[in-house]
Amino acid sequence: MDDEYEKLIRRMNPPRVVIDNDSCKGATVIQVDSANEHGILLEVVQILTDLNLTIRKAYISSDGGWFMDVFNVTDHDGNKITDVEVLDYIHKALGPDSDFAYSVRRSVGVKSTMDHTAIELIGCDRPGLLSEVSAVLTHLKCNVVSAEVWTHNTRAAAVMQVTDEETGAAINDSERLSVIKKLMSNVLNGSNKSRKAKTVVSHGVTHTERRLHQMMFADRDYERNIDEASEDKLRPEVNVVNWYDKDYSVVTIRCKDRPKLIFDAICTLTDMQYVVFHGNVDASGPEAHQEYCIRHIDGSPVKSEAERQRVVQCLEAAIERRVSEGLKLELCTTDRVGLLSDVTRIFRENSLTVTRAEVATRGGKAINTFYVRGASGYPVDTKIIDSIRQSIGQTILKVKGSPDELNQATQESPTRFLFGGLFKSRSFCNFGLVRSYS
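Count along the sequence shown from 1, then add 47; that gives the number in our numbering.
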């Protein structure tokens with residue numbers, strides 16, 4: 048009945064989207080008006096960020112059963128949005144014919160769709176973990192078509208989309224899924240840490256980055272001891288105070304700007320069951336400033352010091368999860384089964400650990416981004432990177448990092464291969480497709 052009532056309200060009050068490319072000199076202005084419901088703000092922000100649009104400024108306001116959001120957005124080059132297909136998609140995704148399929152899923156495990164099987168993993172982080180996981184999947188005849196891996200506060204979480212090596216389709220056999228789950232659990236539990244890994248079979252599909260936030264939040268990766276928290280001077284500045292006259296709690300966030308920052312904050316507040324009634328975001332400079340007036344879903348502001356500290360810690364963790372620690376390496380080559388396993392094995396054999404990874408396949412090409420650092424925690428030796436690039440192929444693996452390492456990369460000789468036949472493609476890829484979130 049609740050679903051039918053929501054559909055009725057939506058038909059009576061359809062969303063309205065206005066896209067303006069004239070009123071603001073440096074950005075496209077997108078205004079969304081709609082009947083209000085918990086989670087709809089996150090859905091709007093999610094659609095914009097999934098298009099790789101950068102939100103420069105935002106104004107959020109809701110009163111009763113209606114909300115109005117205004118976003119100043121640009122593309123990844125800082126230009127207005129002029130692509131007709133993108134503008135049409137925004138209208139369709141946010142307008143009267145859209146379907147905000149909001150749902151909060153807390154399960155972690157193996158899920159199937161028509162095209163692929165999603166494997167969700169969380170456990171203790173350690174050097175070589177991604178290499179071990181991908182090696183097991185290769186052994187099980189699974190091809191990794193896309194994946195995203197985050198590490199934070201000694202924990203690692205991954206959402207990996209895999210297909211059957213022979214059929215190229217999703218894996219639906221229950222016994223085989225059970226074997227995958229068991230072997231993944233064995234790999235993730237290969238540590239003496241008190242918090243064990245989690246791999247559970249479930250059904251349905253949710254947004255990858257949102258799942259990663261949910262998984263790490265449920266795993267309590269935001270918990271730190273007092274000494275550790277006080278020593279970290281680079282932590283985002285997050286404050287929560289109560290505005291007693293208006294019965295709101297006001298959350299303010301200041302930190303270095305980066306893409307998807309607003310998504311990470313709104314995602315965390317939504318999944319913590321807080322409602323954003325009003326908000327202002329300014330990310331027009333190198334530092335981003337966000338301010339939100341919130342209440343818990345039960346209508347109350349933050350009630351205690353313990354709750355206030357928890358909101359602060361969870362928002363800090365949400366921002367830090369996407370911060371890229373280490374040297375950025377971008378790989379582009381012809382996709383094949385076992386590619387991820389081979390690449391990460393080479394990293395492991397050269398004493399590198401992956402702190403974050405994005406794996407994608409487009410048109411038969413593997414377009415992967417890895418953030419790596421020395422297994423001991425020290426910066427990566429440029430000689431090691433030079434050796435790895437010679438092994439993999441210098442036009443295949445690109446270095447994006449400090450000036451010294453970039454200069455080293457530009458002075459190197461043409462592609463050479465020490466592992467003959469391991470990487471068969473020498474074609475160059477447009478690396479502008481892959482973006483850094485650092």
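We treat Cβ as the ideally placed atom computed from N, Cα and C, and that holds for glycine.
According to the neighbour-count rule (16 or more other Cβ atoms, all chains shown, within 10 Å of its Cβ), is Lys-307 buried or exposed?
-> buried
Nearest to Asp-97 by CA position, among Val-76, Ile-137 and Thr-75, is which residue?
-> Ile-137
Between the Cα of Arg-409 and the Cα atoms of Leu-224, Arg-383 and Tyr-425, which residue gives the shortest distance?
-> Arg-383
Can you tell me the Cβ-Cβ gap for Lys-188 and Glu-213, rounded? I've got them flagged as a contact below 8 Å.
-> 7 Å
In its own chain, which residues sit with a C-beta less than 8 Å from the C-beta of Thr-210, not counting the 5 before and 5 after it?
-> Asp-162, His-163, Thr-164, Cys-189, Asn-190, Val-192, Ala-216, Ala-217 and Ile-218
Expressed to the nearest angstrom, what Euclidean distance is found between the alpha-carbon atoms of Gly-73 and Asp-124?
-> 12 Å
From which residue to which residue does the alpha helix (DSSP H) around Gln-356 run?
-> 352-369
Contact under 8 Å by Cβ, Val-183 with Glu-195 = no
Identity of the residue in Val-298, Val-64 and Ala-365 nearest Gln-261 by Cα | Ala-365
Going by the beta-carbon positions, is the gap between Val-298 and Ile-344 smaller than 8 Å?
-> no
Boundaries of the beta strand (DSSP E) in which Glu-84 is found, first to last residue = Per DSSP, Glu-84 belongs to no beta strand (DSSP E) and is neither H nor E.
What number of angstroms, rounded off, separates the C-alpha of Gly-79 from the C-alpha of Cys-71?
-> Per the sequence shown, the amino acid found at residue 79 is Val instead of Gly. Rounded to the nearest angstrom, the two C-alpha atoms are 17 Å apart.
According to DSSP, is Leu-134 helix, strand or coil?
-> helix
In this structure, does DSSP put Val-64 in helix, strand or coil?
-> strand
In whole angstroms, what separates the C-alpha of Ile-435 from that of Phe-264?
-> 35 Å
For Leu-100, the residue or residues it bridges with in DSSP | Leu-100 pairs with nothing; no bridge assigned.
Nearest-angstrom beta carbon gap, Val-419 and Gly-385 [assumed within contact, 8 Å] = Not really, about 20 Å apart at Cβ, beyond 8 Å.
Residues that DSSP places opposite Asp-311 in a beta bridge = According to DSSP, Asp-311 bridges with nothing at all.
When the distance is taken between beta carbons, is Val-328 closer than 8 Å to Ile-102?
-> yes
Considering Thr-185, what are the terminal residues of the alpha helix (DSSP H) in which it resides?
-> 176-186
By DSSP, does Arg-392 sit in helix, in strand, or in coil?
-> helix
Using three-state DSSP, classify Ala-216 as helix, strand or coil.
-> coil
Inter-residue CB distance, Val-323 and Ile-313 (contact presumed, cutoff 8 Å) | 7 Å
For Val-151, three-class secondary structure by DSSP = A caution first: Val-151 carries a pLDDT of 33, below 50, which makes its placement in the model unreliable, though a value can still be read off. It is coil, neither helix nor strand.
Any 3 or more C-beta pairs closer than 8 Å across the stretch 286-293 and the stretch 355-369 = yes
Just mark Thr-255 as buried or exposed, buried being the case when its beta carbon has 16 or more other beta carbons within 10 Å.
-> buried
Less than 8 Å between the CB atoms is what I'm expecting for Ile-128 and Val-117, so what's the real figure, rounded?
-> Their Cβ separation, rounded to whole angstroms, is 15 Å, which puts Ile-128 and Val-117 out of contact at 8 Å.
Tell whether a beta-carbon distance below 8 Å holds between Leu-444 and Leu-376.
-> yes
Beta-bridge pairing of Gly-170 - partner residues as DSSP gives them = Ala-203
What residues match up with Ser-193 in a beta bridge as DSSP calls it?
-> Gln-208
Start and end residues, beta strand (DSSP E) containing Lys-229 | Lys-229 -> not in any beta strand (DSSP E); alpha helix (DSSP H) instead, spanning 221-235.
C-alpha distance - Thr-201 paired with Asp-172, whole-angstrom precision | 5 Å
Looking at Ala-203 and Leu-176, is the spacing between their C-beta atoms short of 8 Å?
-> yes
Leaving out five residues before and five after Val-401 in sequence, what residues of the same chain have Cβ atoms less than 6 Å from its Cβ?
-> Leu-177, Phe-417 and Val-419
Which residue from Val-133, Glu-179, Ile-431 and Trp-197 puts its Cα closest to that of Ser-371?
-> Trp-197
What residue range is occupied by the uninterrupted beta strand (DSSP E) comprising Gln-320?
-> Taken as a continuous stretch (DSSP letters only), Gln-320 belongs to no beta strand (DSSP E), as it is neither H nor E.
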